[in-house]
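Counted the way mature numbering (1 follows the signal peptide of the UniProt record, and there is no 0) counts, the sequence shown spans residues -20 to -1, 1 to 857.
Where is the CB? At the ideal position from N, CA and C, for every residue including glycine.
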Amino acid sequence: MRNPTDLFLSLFFLLQLASGLQPPFSPTINITLNCGFSGNNSARDNRIWLGDINSDFGPFELQNNSSVNSTAAKQPTQVDPIPYYTARLSHSEFTYMFSVTPGQLFIRLYFFPASYQNFDRSKAFFSVKAGSYTLLSNFSAALTVDADALSLEGFSREFCVNIVENARFLNITFTPSPSILDAYAFVNGIELVSMPSNLYYSADSSTEIKLIGQSTPYTVEKSHAFETVYRLNIGGRMISPTEDTGMYRSWSDDDAAYLTSSERGVEPVNTTIHLRFSKISNYTAPEEVYTTARTMGTNKTINKSYNLTWEFSVDAGFNYLVRLHFCEFQHEVTEEGDREFYIFIADQIAEERADVLSWSGGSGIPVYKDYAVLMFGEGNKKKLNLSVALQANPDDGMTKYSDAILNGLEIFKISDPINNLAGPNPDPLPTPKVVAIPLPIQPRKVKKNYTTIIAIVVGLFSGIVVLSILGFFIFQRGRRVNKDDKSSSSILPSDLCRCFSLSEIKAATNNFDKLFIIGVGGFGDVYKGYIDGGETCVAIKRLNPGSQQGAHEFKTEIEMLSQLRHLHLVPLIGYCNHGNEMILVYDYMAHGTLRDHLYNTDNPPLSWEQRLHICIGAARGLQYLHMGAKHMIIHRDVKSTNILLDEEWVAKVSDFGLSKMGPTSVSMTHVSTVVKGSIGYLDPEYYRRQQLTEKSDVYSFGVVLFEVLCARPPLTRNVDKERVSLAEWARQCHQNGKLDQIVDPFLTGKIVPECFKKFGEIAVNCLLDDGIKRPSMTDVVWGLEFALQLQESKNDSGAQIFETEGHIEKVLLQRSTIEDCEKVFTGSGGRGSSGEGTSCRVTIASSGDQSSANETSDSSNLIRETVFSELMSQKGR
């Protein structure tokens, strides 16, 4: 049953429409094209759709290529059949041409990914261009629908483009993806609607909006195109296109689905207030958007305990325009300062002490605020969470109501510098295993038929002869192939590592289908695949021919990892070395990388106990490399993305392409080598001296420990200088007794103080400037296991945890003799102090590869020339 308020609002606005009120804006271009249909037809909302068969708009095609029009195999039931039931489809490129005038324009494309006559829905992969803008690339409507939690049948994509002066036509071109066998393009409907000038664009270069997290403002240039990602009527009902202000925009009512907190606030409504559009145009949004809202409510105590937060999944690698709509309509809020709140976008402050009445000048006056935000995540994430959070002003002396309000929200993706708006397809759903059921064996009837027996014997003999001849030729051909392509031969004995043929790899990845890509690294693309007839799930890493890494790293990883077997090292199943193809095959790690669960992620945060177990596992893997293998192996690229997590959350160290054999004799203390590694994790001592020891891995692991504790990357740009490097910032905070202030907020109140103290000591000692003073990985394992015991003893000893003024305090009801275990590190590690030694800061100049360091007194062996390898590339190791 629908909410009575929704029914009332629907009736109220329908009466307004029936009374003959005209929408505030009348578009000069209003085209609705029903693709694959002949003649005109009226949709349920009474809009007239023109069929594209024999229309002036096309489609226009290349010579000798023709598209077809078809109806779907089934009629849509959840959406209006117009325009979804018919489609224009083609295995070749086709174009629609529309007469336009200068100005800004909405383009809406409608898709119903069903099967059509002679067209399989799974083969629809195509790109769409509007003028010079790429709207969609290698797009699959089927994957988009299949990944939707609501399982919608049909959907539309809305874009905004600016038509330049002197432009008379706009071409919209559909091109099947050439990399997909039998791919085709299709579209069910196309809609073009003009919009008022500068509704979303900046009027000129002087019109600037706030760029979140940056001191410089942002201009929404007319050279940009947009894609509408979200448009919500916050706290209200869904507003249909015909109820919009004349531009036929849809306003969703499902904002509650994006709320992250258990507290939902309240949804006030005021349909009697007379809105005055003195600050913005009356076509900006429907009036109903400004007469409904979501607030936090009247309970100050509850309001101060949470943020009203929405989270929206967006494509990584783009800028976004976020528009927030506001209007004060509650009778209680009458003066400036009555309701002040903070606005956070993408976890960064957007507005301090936001006051709608101060912005608008009075009750019932709508306003909006625009913000630009850069969503460039680390790693290989396709999607990122763009959050919008409202926080009540906690200072009762500054505001009358500790409350916040939001009426509407719009989020637009902004085209990149090459005019691209296309994001990746959703991941394909896992294919269910097909279980073969043997057919029942029919009893044979024995009949003496000598003629049949003779025929069978002759046939078998002939078959054997033919097969022998074929086998001979195949054998000879195989010899020629092996002779011509020696690289396809096995590098290692088969009992150590499996050598795959290229055909096996192609079969496992569906001929390197982009849909199977699960990551991109310095080595190249990583595919999820299946081998052994689909029984074994694997990760397949394929060298990118343009990668800076090559045959040496490929050979190193095979030689190193194939001879190592340990619970906490990622298993190498095999490889393929065929011509220019260099491919590694690993066990598939179901939970991805450690970093995937720390920051810039949609995954839920790990508990502190989980993090400790993962750190211990990774430390044991490194300990085995340093101490347990036949010869010491130095990893050289320890970081959170090279710690993988299997289905049982067991940590496994991965990526041995940069690994190096350690000193091979007692007299040797180090290995002299060119510096390689990753910025943020690189041991400053190794960088200065080019002398590699196992303590370089210890330093990198110390950075990982602080990543785990603080849930932030090793390097953060656009922050205060002292906070750029996580290692340096954490060391300073530990030295000043303020380490608890940079801990992941999710862990607040969840770490036993003794455990916290011990973990901090371990991490800081790993980062000591003098490598000799750093602990060994054996010491690190022991220390982390002890820290875990301290954490787990909380439950056994009846410990209580209190949180006071941001610091965690603990009262132990049963005191154990922790003091006796204070000195965790022994031998070469020592305890060390976070204040000992000389700090070495490495600064990478943005204009090149020159690096500077605060050098220690022993400078005789320091190297100043460029020594980094693959450090500056975002896709590098």
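Residue range of the unbroken alpha helix (DSSP H) whose run includes residue i
{"i": "isoleucine 742", "result": "733 to 746"}
{"i": "tryptophan 709", "result": "706 to 715"}
{"i": "serine 340", "result": "336 to 340"}
{"i": "arginine 669", "result": "664 to 669"}
{"i": "glutamate 390", "result": "Careful: glutamate 390 lies outside any alpha helix (DSSP H), inside the beta strand (DSSP E) at 388 to 394."}
{"i": "alanine 384", "result": "Run containing alanine 384: none; DSSP gives neither H nor E here."}
{"i": "leucine 212", "result": "Where leucine 212 is concerned, there is no enclosing alpha helix (DSSP H), although the beta strand (DSSP E) it sits in stretches over 206 to 213."}
{"i": "serine 676", "result": "674 to 690"}
{"i": "isoleucine 282", "result": "280 to 283"}
Contacts around residue i, its chain only, beta-carbon distance under 7 Å, and the 5 residues preceding and following it disregarded
{"i": "glycine 513", "result": "none"}
{"i": "glutamate 243", "result": "Ile282 and Tyr286"}
{"i": "lysine 428", "result": "With a pLDDT of 42 at lysine 428, under the threshold of 50, the modelled position of that residue is not reliable, and no figure is offered here."}
{"i": "residue 870", "result": "This structure cannot settle anything about residue 870, because the visible part of the chain is limited to -20 through 857."}
{"i": "threonine 696", "result": "Arg703 and Val704"}
{"i": "tryptophan 639", "result": "At residue 639 the sequence reads serine, which differs from the tryptophan that was named. Cβ neighbours of serine 639 beyond the five flanking positions: Thr536, Met540, Ile613, Ile614, His615 and Arg616."}
{"i": "isoleucine 596", "result": "Val761, Leu764, Glu765 and Leu768"}
Sequence-distant residues of its chain with Cβ nearer than 6 Å to residue i (five each side left out)
{"i": "methionine 521", "result": "The sequence as given places lysine at residue 521; methionine does not occur at that position. These residues qualify, in order along the chain: Phe503, Val506 and Leu564."}
{"i": "glycine 19", "result": "Gly31"}
{"i": "cysteine 735", "result": "Ala767, Leu770 and Gln771"}
{"i": "threonine 728", "result": "none"}
{"i": "arginine 88", "result": "Ser136, Glu138 and Glu171"}
{"i": "isoleucine 385", "result": "Ala273 and Thr275"}
{"i": "alanine 707", "result": "Val683 and Leu747"}
{"i": "phenylalanine 739", "result": "Ala767"}
{"i": "glutamate 665", "result": "Gly751"}
{"i": "valine 618", "result": "Asp677, Ser680 and Phe681"}
{"i": "phenylalanine 306", "result": "Val336, Val347 and Asn387"}
Beta-bridge pairing of residue i - partner residues as DSSP gives them
{"i": "phenylalanine 292", "result": "Leu366"}
{"i": "isoleucine 325", "result": "Gln328 and Val368"}
{"i": "glutamine 84", "result": "Asn142"}
{"i": "valine 479", "result": "In the sequence as presented, valine is not what sits at residue 479; that position holds cysteine. In DSSP, cysteine 479 forms a bridge with Tyr555."}
{"i": "aspartate 350", "result": "Arg303"}
{"i": "tyrosine 228", "result": "Answer is none; tyrosine 228 lacks a bridge partner."}
{"i": "leucine 719", "result": "Bridge partners of leucine 719: none, in fact."}
{"i": "methionine 641", "result": "Ile613"}
{"i": "valine 249", "result": "Thr272"}
{"i": "serine 35", "result": "Gly38"}
{"i": "arginine 244", "result": "Partner(s): none; arginine 244 has no beta bridge."}
{"i": "tyrosine 198", "result": "Ile189"}
Element boundaries [beta strand (DSSP E), containing residue i]
{"i": "tyrosine 76", "result": "74 to 79"}
{"i": "asparagine 49", "result": "48 to 51"}
{"i": "isoleucine 28", "result": "28 to 31"}
{"i": "serine 70", "result": "66 to 70"}
{"i": "lysine 632", "result": "631 to 633"}
{"i": "leucine 13", "result": "10 to 14"}
{"i": "residue 859", "result": "In this structure the chain extends from -20 to 857, so residue 859 is not present and cannot be described."}
{"i": "serine 258", "result": "Per DSSP, serine 258 belongs to no beta strand (DSSP E) and is neither H nor E."}
is_contact[residue i, chain B] using C-beta, thresh 7 Å
{"i": "isoleucine 170", "result": "Checking the listed chains, one finds no chain B in this structure; it contains a single protein chain."}
Residues of its chain near residue i, where Cβ-Cβ distance is below 8 Å and the 5 sequence neighbours each way are ignored
{"i": "threonine 199", "result": "Ser182, Ser185, Thr187, Glu188 and Ile189"}
{"i": "tyrosine 96", "result": "Ser50, Thr51, Ala52, Ala53, Ala67, Leu69 and Phe166"}
{"i": "residue 859", "result": "Beyond the ends of the chain as shown, which are -20 and 857, falls residue 859; an answer cannot be given."}
{"i": "phenylalanine 106", "result": "Leu116, Asn118, Phe119, Phe154, Thr155, Pro156, Ser157, Ala163, Tyr164, Ala165 and Phe166"}
### Message
Could you tell me which whole beta strand (DSSP E) segments of length 3 or greater appear in the segment 155 to 196?
### Response
With a minimum length of 3 residues, the continuous beta strand (DSSP E) runs that stay inside the segment 155 to 196 are 165 to 167 and 169 to 174.
### Query
Does the segment 627 to 641 come close enough to the segment 709 to 716 to have 3 or more Cβ pairs within less than 8 Å?
No: fewer than three Cβ pairs fall under 8 Å.
### Message
Which runs of the beta strand (DSSP E) at least 3 residues long sit entirely within the segment 487 to 567? Give them in chain order.
### Response
497 to 500, 504 to 511, 516 to 523, 552 to 558 and 561 to 567, all fully within the segment 487 to 567.
### Query
Could you give the uninterrupted runs of the alpha helix (DSSP H) lying entirely in the segment 574 to 627, keeping only those of 4 residues or more?
List check, alpha helix (DSSP H) in window: 588 to 603.
### Segment contact, 8 Å Cβ cut-off, at least three pairs: the segment 268 to 283 with the segment 246 to 253
Yes: at least three Cβ pairs fall under 8 Å.
### Task
Kindly confirm or deny that the segment 371 to 378 and the segment 210 to 225 touch, where touching means at least three C-beta pairs closer than 8 Å.
Taking 8 Å as the limit for Cβ pairs, the verdict is that the segment 210 to 225 does not touch the segment 371 to 378.
### Query
On the three-pair Cβ rule with 8 Å, is the segment 744 to 754 touching the segment 668 to 687?
Between the segment 744 to 754 and the segment 668 to 687 there are three or more C-beta pairs closer than 8 Å, enough to call the two in contact.
### Task
Pair every Cβ in the segment 658 to 671 with every Cβ in the segment 580 to 597, then say whether three or more of these pairs are closer than 8 Å.
Touching, no, given that fewer than three Cβ pairs across the two stretches are closer than 8 Å.
### Query
Is the number of C-beta pairs between the segment 32 to 39 and the segment 131 to 145 that are closer than 8 Å three or more?
Result no; under three Cβ-Cβ pairs closer than 8 Å.
### Query
Do three or more CB pairs link the segment 337 to 345 to the segment 289 to 299 at distances below 8 Å?
Contact between the segment 337 to 345 and the segment 289 to 299 is absent, with fewer than three C-beta pairs closer than 8 Å.
### Unbroken stretches of the alpha helix (DSSP H), 4 residues or longer, contained in the segment 87 to 116
As far as the segment 87 to 116 is concerned, it has no whole alpha helix (DSSP H) run of at least 4 residues.
### Query
Should the segment 718 to 725 be called in touch with the segment 757 to 767, which here means at least 3 C-beta pairs below 8 Å?
Too few Cβ pairs lie closer than 8 Å, so no.
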